[in-house]
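Have a look at the structure below before the remarks.
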Amino acid sequence: MDEPILVWDLPDDPDGNVAHIAEHGLTPDEVASVMRETANPTAASDSSNRPITFGWADTDRYIAVVWEPVMDDPRTIYPVTAYEAPPPAAQRKRKKR
């Protein structure tokens, strides 16, 4: 599967996705690093039923990214929000890169 194209709102939009992830201390680059790794697990969010992808950001933080599909070809997604999450037990001792 190809790396998705991510759709970002303007950084100064208080209701946009850049602001939502910044509220959780994350950056678009951290979200992008998780979303470009196609092997990261994706499930349905318990609260919104949107897709949620979990993975290690390039900054060595384990994060969850809630997103919406925009288009299939090319694969385009809209990250709604993201936040730091506890890693699965099997990955808690992950070494820094």
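Residue 118 is where the sequence shown ends in the numbering used here, and the numbering goes up by one at each step.
Glycine included, C-beta positions come from ideal geometry on N, C-alpha and C.
This one's a predicted model, so the numbers in the text were calculated from it and none came from an experiment.
Does the Cβ of MET92 have 16 or more other Cβ atoms within 10 Å, making it buried, or fewer, making it exposed? exposed
Can you give me the Cβ contacts of GLU105 inside the same chain, cut-off strictly under 6 Å, excluding the 5 residues immediately before and after it? ARG82 and ILE84
Neighbourhood of ALA65 by C-beta, 6 Å cutoff - its chain only, sequence neighbours within 5 removed: none
Which two residues bound the contiguous beta strand (DSSP E) that contains PRO49? Premise fails: PRO49 lies in the alpha helix (DSSP H), 49-56, not in any beta strand (DSSP E).
Measuring straight from C-alpha to C-alpha, what distance separates PRO95 and VAL28? 12 Å
Neighbourhood of ALA78 by C-beta, 7 Å cutoff - its chain only, sequence neighbours within 5 removed: GLU51, SER54, VAL55 and ILE84
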